[in-house]
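Mapped onto my numbering, the consecutive letters of the sequence shown carry residue numbers 154 to 775. Note that CB positions come from ideal geometry on N, CA and C, so glycine has one too. This one's a predicted model, so the numbers in the text were calculated from it and none came from an experiment. Data first, discussion second: the structure below is written as structure tokens.
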Amino acid sequence: MIAANTALQSHTPTYLGGCGTAALPRLLQHCTKALLHCPTTKFHLLVFAADNTENKANTHLQALLKQLQPLKHLPLVQTMLQQTLLPIEMCQRLLLDAGRVTIDLYLGCNKNLLKTIMAPCPWITLWYWQAPFTPTTPFIWQLARFSCDNCVIHLPDEQFATLKPYFITAGFQCQSSTEMTKVNDDIALAERQALRHEALTQNYPYPRYCQPALDGESPVAIIGAGIAGASLALSLAERGIHSQIFYADSDVGVAASGNRQGALYPQFIPEANALNAFFQQGFLFSRQRIEQLVAYGHDIPHDFCGVLLTGFDQHSRARLEKIATAYPWTNEFLQWLAVDAANAVAGVNVNELGLFYPLAGWVGPQKFTQAAVAQAQQCGYAQIRANTQIVRLTPNADKWQLSDAQRNNYGPYTSVIIANGSALIDYPQTAQLPATRFRGQVSEVPTQPGLAEVNTVLCARGYLTPAWEHIHCLGASYVKDSQSLSYNESEQQENLEKLQQSYPDTSWHRHLKMGQQARVGVRMVTRDHLPMAGAIPDVTAIYSQAKVIHDIDFWRKTKAPLHQGLYVLGALGSRGLCSAPLAAEMLAAELTHQPLPLSVTELEHLSANRKWMRKLLKGKEL
154 MIAANTALQS HTPTYLGGCG TAALPRLLQH CTKALLHCPT TKFHLLVFAA DNTENKANTH
214 LQALLKQLQP LKHLPLVQTM LQQTLLPIEM CQRLLLDAGR VTIDLYLGCN KNLLKTIMAP
274 CPWITLWYWQ APFTPTTPFI WQLARFSCDN CVIHLPDEQF ATLKPYFITA GFQCQSSTEM
334 TKVNDDIALA ERQALRHEAL TQNYPYPRYC QPALDGESPV AIIGAGIAGA SLALSLAERG
394 IHSQIFYADS DVGVAASGNR QGALYPQFIP EANALNAFFQ QGFLFSRQRI EQLVAYGHDI
454 PHDFCGVLLT GFDQHSRARL EKIATAYPWT NEFLQWLAVD AANAVAGVNV NELGLFYPLA
514 GWVGPQKFTQ AAVAQAQQCG YAQIRANTQI VRLTPNADKW QLSDAQRNNY GPYTSVIIAN
574 GSALIDYPQT AQLPATRFRG QVSEVPTQPG LAEVNTVLCA RGYLTPAWEH IHCLGASYVK
634 DSQSLSYNES EQQENLEKLQ QSYPDTSWHR HLKMGQQARV GVRMVTRDHL PMAGAIPDVT
694 AIYSQAKVIH DIDFWRKTKA PLHQGLYVLG ALGSRGLCSA PLAAEMLAAE LTHQPLPLSV
754 TELEHLSANR KWMRKLLKGK EL
């Protein structure tokens with residue numbers, strides 16, 4: 154068991170940066186020495202691990218792992234080498250040493266990649282330049298955008314003379330093993346500030362960093378204690394931010410997060426877009442969260458036994474094949490299997506080509522949720538209030554008052570995050586958010602001949618899990634605009650029929666005894682199957698302005714209307730296990746003005762006002 158540090162004295166991290174595959178070993182050595190002298194120090198590393206500007210993430214990853222090997226005797230490096238990493242250019246957020254060291258790892262190193270990162274304020278105090286190439290001037294200015302006024306950059310001796318003039322121009326203090334060049338250039342510092350402002354104004358249609366950074370003095374209110382609210386409470390606790398969690402049920406994770414087993418795997422579409430990037434990153438972060446919480450001693454039933462997706466008609470088969478060929482996936486992450494190989498992986502005959510995720514599997518959602526809340530409490534930064542249904546949000550000066558069904562009042566709070574699943578749109582401020590309720594009944598089927606051999610999660614028209622405690626989960630029904638939580642026999646049979654229709658040329662599922670054990674939940678779903686995470690838009694104000702303003706430039710250059718201090722984290726659909734932990738981590742970082750683990754494009758796709766702004770930015774009427 155790993156002891157989680159519950160008494161970190163400083164929650165504001167020291168920000169360090171690195172470029173090149175050799176930069177991360179240098180940074181981890183730096184952190185190791187500092188933690189020996191001051192164990193309560195926290196570090197946040199921004200690492201662009203690439204030795205050239207080409208988009209060859211797999212090459213960069215292999216070079217990085219090779220660079221780390223000579224230092225594997227260091228605990229931080231050992232932990233780093235144990236992480237599951239993918240050869241993707243976008244951010245992979247890693248939490249090491251009980252949260253003392255956060256790494257945002259980018260397997261790329263070019264100007265376009267740097268421009269995808271939002272930076273409301275300067276972070277980096279020290280850079281290690283270990284890339285063998287000479288950066289362009291625009292590239293250096295992007296590094297300067299993240300950097301504090303007196304930021305030092307360590308340059309290799311053999312590159313010092315060549316690179317020094319470029320970095321000095323951007324206001325860096327340049328250092329080698331023998332020389333230190335100090336600069337005090339007001340023009341360079343003003344240019345940095347202008348770059349930050351320009352980057353932020355480009356995101357006015359999809360607002361981020363909307364209020365001053367939380368300081369930990371007053372608590373945040375979280376409405377909801379499912380996988381979204383629990384993940385957010387944990388990410389805030391790791392930053393020293395108190396939260397008060399309100400939920401209507403008697404226990405944590407009772408609603409849609411209460412299924413016995415849930416499949417954990419990334420959702421992809423054939424087109425390479427922000428959805429694919431987000432779910433890759435989210436999948437890795439969820440896996441990491443589960444492993445960390447288990448290491449801390451929490452009981453989370455799970456099995457990374459793999460997930461096998463198969464088609465069931467011409468369209469679905471073609472779609473899976475497009476996903477398999479859309480990107481040069483590594484076999485460690487995704488495999489396109491022939492029929493015999495798919496049958497072997499499944500343990501039963503599926504008789505279809507299959508898309509297999511070896512790193513995926515299933516997890517117990519309620520235990521995962523409970524562990525996240527318990528860990529936030531152990532850190533000393535979360536309070537829970539069960540059987541408290543918040544029914545009203547009332548503005549109070551610059552804050553918000555909460556009222557429950559018994560007319561008790563709570564607050565006021567500077568920041569309120571609505572993460573209450575199917576009740577997400579029950580408030581006037583959220584009623585127009587574009588999310589729809591869908592009821593889903595998951596059958597709990599006793600293991601029996603035919604099912605007992607299933608040894609990976611199977612997904613086709615529905616899904617089937619391997620047995621846990623002699624029970625399989627089979628699901629799920631999908632009923633629009635229903636809030637009923639009652640057992641439905643026809644949906645129980647529908648789940649069986651989906652299984653049989655998925656694998657029509659096999660017999661192992663022909664005579665299953667379903668029984669009447671099932672669990673019903675209601676989820677919120679968006680049309681684009683991405684969650685909402687961020688400030689809640691003032692939809693009434695958007696419509697009022699849109700009636701009289703038809704200028705695209707106005708919508709580009711003006712902050713979109715929002716309810717100040719109100720945030721949403723929800724509409725997770727059926728992929729909450731894969732999306733909630735990372736979306737919560739992003740929102741916690743935003744509230745504390747720390748680096749976000751998602752690109753500008755991904756943030757736009759997660760914005761709660763995306764439905765309206767996409768139209769307005771194209772000059773279309775609402």
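Asked                                                                                                          : Found
Beta carbon of residue 237 nearer than 8 Å to that of residue 461                                              : no
Under 8 Å between C-beta atoms of residue 753 and residue 356                                                  : yes
Best match in 630, 360, 464 and 645 for proximity to residue 689 [C-alpha to C-alpha]                          : 360
Alpha-carbon to alpha-carbon, residue 737 and residue 717                                                      : 19 Å
Buried versus exposed call for residue 263 [16 or more other C-beta atoms within 10 Å across all chains shown] : buried
Rounded C-alpha distance that separates residue 488 from residue 477                                           : 7 Å
Residue nearest to residue 668 in terms of C-alpha spacing, selected from 595, 735, 415 and 257                : 595
DSSP bridge partner residues for residue 250 (one or two, in chain order)                                      : Residue 250 is not bridged to any residue.
Whole runs of the beta strand (DSSP E) within the region 362–449, excluding any shorter than 3 residues        : 373–376, 396–399 and 415–417
Nearest-angstrom Cα separation, counted from residue 650 out to residue 518                                    : 25 Å
Rounded straight-line distance, which links the Cα of residue 500 to that of residue 183                       : 48 Å
C-alpha distance - residue 693 paired with residue 714, whole-angstrom precision                               : 9 Å
Beta strand (DSSP E) runs wholly inside the region 652–726, at least 3 long, in chain order                    : 671–678, 685–690 and 715–723
Beta-carbon gap between residue 248 and residue 748 smaller than 8 Å                                           : no
Alpha-carbon to alpha-carbon, residue 320 and residue 348                                                      : 16 Å
heavy atom of the ligand SAH below 7 Å from residue 677 C-beta                                                 : This structure does not include the ligand SAH; it has no bound ligands of any sort.
Rounded C-alpha distance that separates residue 369 from residue 393                                           : 6 Å
For residue 663, the nearest candidate out of 639, 234, 720 and 601 (CA to CA)                                 : 601
Distance between residue 631 and residue 558 (C-alpha atoms, nearest Å)                                        : 30 Å
Alpha-carbon spacing of residue 204 relative to residue 244, whole angstroms                                   : 17 Å
Residues near residue 231 by beta carbon distance below 7 Å, same chain, minus five either side                : 225
Inter-residue spacing [alpha-carbon to alpha-carbon] between residue 458 and residue 486                       : 13 Å
Contacting residues, own chain, Cβ-Cβ under 7 Å from residue 671 (five flanking each side not counted)         : 594, 595, 596, 597, 640 and 645
Segment limits, alpha helix (DSSP H) that includes residue 351                                                 : 339–354
Contact between the region 749–768 and the region 418–433 (3+ Cβ pairs under 8 Å)                              : yes
Rounded straight-line distance, which links the Cα of residue 532 to that of residue 158                       : Since pLDDT at residue 158 reaches only 41, below the 50 mark, its modelled position is unreliable, and the value read off the structure follows with that caveat. Answer to the nearest angstrom: the Cα atoms are 7 Å apart.
Given residue 362 as reference, the closest of 442, 271 and 421 once Cα atoms are compared                     : 271
Top-ranked residue by Cα proximity to residue 123, from 653, 570 and 187                                       : The question about residue 123 has no answer, for the chain in this structure spans 154 to 775.
Beta-carbon proximity list for residue 420, same chain, < 8 Å, skipping 5 on both sides                        : 428, 432, 682, 728 and 731
Cβ separation of residue 578 and residue 584, assumed to be a contact under 8 Å, to the nearest whole Å        : 5 Å
Extent of the continuous alpha helix (DSSP H) run through residue 204                                          : Per DSSP, residue 204 belongs to no alpha helix (DSSP H) and is neither H nor E.
CA-to-CA distance, residue 636 to residue 180, given in whole angstroms                                        : 51 Å
Own chain, CB closer than 7 Å to residue 330, minus 5 neighbours either side, in chain order                   : 310
Contiguous alpha helix (DSSP H) assignments of at least 4 residues, all confined to the region 601–655         : 642–655
Whole-angstrom C-beta distance between residue 281 and residue 504, which should lie under 8 Å                 : Between residue 281 and residue 504 the Cβ distance is about 53 Å, and since that is not below 8 Å, they are no contact.
Collapsed DSSP secondary structure at residue 294 in the structure displayed                                   : helix
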